[in-house]
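For the record, in the sequence shown the residue sitting at position 79 is 79 according to this note's numbering, with numbers rising by one throughout.
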Amino acid sequence: MFNLDATLQTIIAIARDAGHILLHHFDNPTITATKSTDSDIVTIADKEAEELIVAALKQQFPDHHMVGEEGGGTGAPAETAEYFWFVDPIDGTVNYAGGMPFFSTSIALTDKNRQPILGVIYDPWRDEMFSAIQGKGAFLNGQSLKVSKTASLAKALLSSGFPYNKHLQPDNNLAEWAAFLVQVRDLRRLGSAALDLCYVAAARMDGYWEQQLNPWDVLAGILIVREAGGMVTDYEGGANPQQEHKGKYVASNGHLHAAMLEVIQAVRSSRSDFAT
Ligand code: IPD
Ligand code: CA
Ligand code: CA
Numbered sequence: 001m002f003n004l005d006a007t008l009q010t011i012i013a014i015a016r017d018a019g020h021i022l023l024h025h026f027d028n029p030t031i032t033a034t035k036s037t038d039s040d041i042v043t044i045a046d047k048e049a050e051e052l053i054v055a056a057l058k059q060q061f062p063d064h065h066m067v068g069e070e071g072g073g074t075g076a077p078a079e080t081a082e083y084f085w086f087v088d089p090i091d092g093t094v095n096y097a098g099g100m101p102f103f104s105t106s107i108a109l110t111d112k113n114r115q116p117i118l119g120v121i122y123d124p125w126r127d128e129m130f131s132a133i134q135g136k137g138a139f140l141n142g143q144s145l146k147v148s149k150t151a152s153l154a155k156a157l158l159s160s161g162f163p164y165n166k167h168l169q170p171d172n173n174l175a176e177w178a179a180f181l182v183q184v185r186d187l188r189r190l191g192s193a194a195l196d197l198c199y200v201a202a203a204r205m206d207g208y209w210e211q212q213l214n215p216w217d218v219l220a221g222i223l224i225v226r227e228a229g230g231m232v233t234d235y236e237g238g239a240n241p242q243q244e245h246k247g248k249y250v251a252s253n254g255h256l257h258a259a260m261l262e263v264i265q266a267v268r269s270s271r272s273d274f275a276t
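In structure tokens, the structure reads:
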């Protein structure tokens, strides 16, 4: 295994460089394309930041495989690589393109089983660098992170998000949102899954759930939550949500996890029109 502490410093520097690109285009965030639906947009900064990150990773780690949201796979072939990088150049592009300063760059290193080993999530607007190495804790700008102690849903602040195809299917998280809303202190839809996870790690939020997420949205954040003492599972409580290919994630401070799963499962078991 290569030196993870040195690798973390390299990735932090790359994330900062990407952050400069994001801030540079922020006042004029030209939308260049739409993807799955009209809400699923790409800006110049998504492309430029991903190109910078992937080029730097390829140079530093030629034996690894890279998966970027905007560019697909590159580097060493996925079939033979021992290590994988998952890159989301802007997580929160809808916020970014609308001039709302809540977005991040997420970079995760995993083994070939998609187990996260190292994760960096950078919010350039606030200059907040969240990071974790497996087994070594989670940090925000070098300060150790610990999840909240909130133990009841009634006192909990939770966040979530909605898929880009929300208008095309009933299984769009609206039923789960309604069920949580009347049981918790409040809910937020912040618009960046990566930062939602960091905010659980930093005890700014008590929990988070969402479906139809991609590996680049969550792999760094999963490690950051777990290394801050929290839990991340799928909707059934399975500990390898990133391997199930369902894209469903529940993250919490641990104390709230069973209660969150119960709310989600009660909703989903009452709906025959939802996918499993
Ligand atoms: C999106 C954000 C959003 C979440 C969506 C994601 P993107 O990522 O994380 O909060 O609700 O499901 O796709 O498109 O901005 O990289
Ligand atoms: Ca994303
Ligand atoms: Ca993105």
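All residues carry an ideal CB built from backbone N, CA and C; glycine is no exception.
At a Cβ-Cβ threshold of 8 Å, residue 130 and residue 108 do not count as neighbours. The Cβ-Cβ distance between residue 164 and residue 270 does not fall below 8 Å.
Just so you know, the alpha carbons of residue 8 and residue 14 end up roughly 10 Å apart. Linking residue 34 to residue 43 through their CA atoms gives a straight-line distance of about 9 Å. Counting only unbroken stretches of 3 or more residues, the beta strand (DSSP E) elements lying wholly within the stretch 185 to 220 are 186 to 188 and 207 to 210, in sequence order. Counting every other CB atom within 10 Å of its CB across the protein chains shown gives residue 63 a total below 16, marking it as exposed.
Note that the stretch 153 to 164 touches the stretch 204 to 218; at least 3 beta-carbon pairs, one per stretch, sit closer than 8 Å.
Assigned with DSSP and collapsed to three states, residue 76 falls in coil, not helix or strand. At a threshold of 7 Å, residue 101 does not count as near ligand 1, since its beta carbon sits no closer than that to any of the ligand's heavy atoms.
A contact is defined here as three or more CB-CB pairs under 8 Å, and the stretch 102 to 121 fails this definition with respect to the stretch 161 to 180.
Counting C-beta atoms within 10 angstroms of its own C-beta, residue 99 has fewer than 16 neighbours from the protein chains shown and is therefore classed as exposed. Residue 59 sits exposed, since fewer than 16 C-beta atoms from the chains shown fall within 10 Å of its C-beta.
Ligand 2 has no heavy atom closer than 7 Å to the beta-carbon of residue 76.
Taken in chain order, the unbroken stretches of alpha helix (DSSP H) that lie wholly in the stretch 216 to 270 and span 4 residues or more are 257 to 269. Taking 8 Å as the upper bound for CB-CB distance, residue 106 and residue 91 are in contact here, some 5 Å apart. If you keep only unbroken alpha helix (DSSP H) runs of at least 4 residues inside the stretch 67 to 139, you get 93 to 97. Look at residue 33 here: in three-state DSSP terms it is strand.
Residue 43 carries a strand assignment under DSSP once its states are collapsed to helix, strand and coil.
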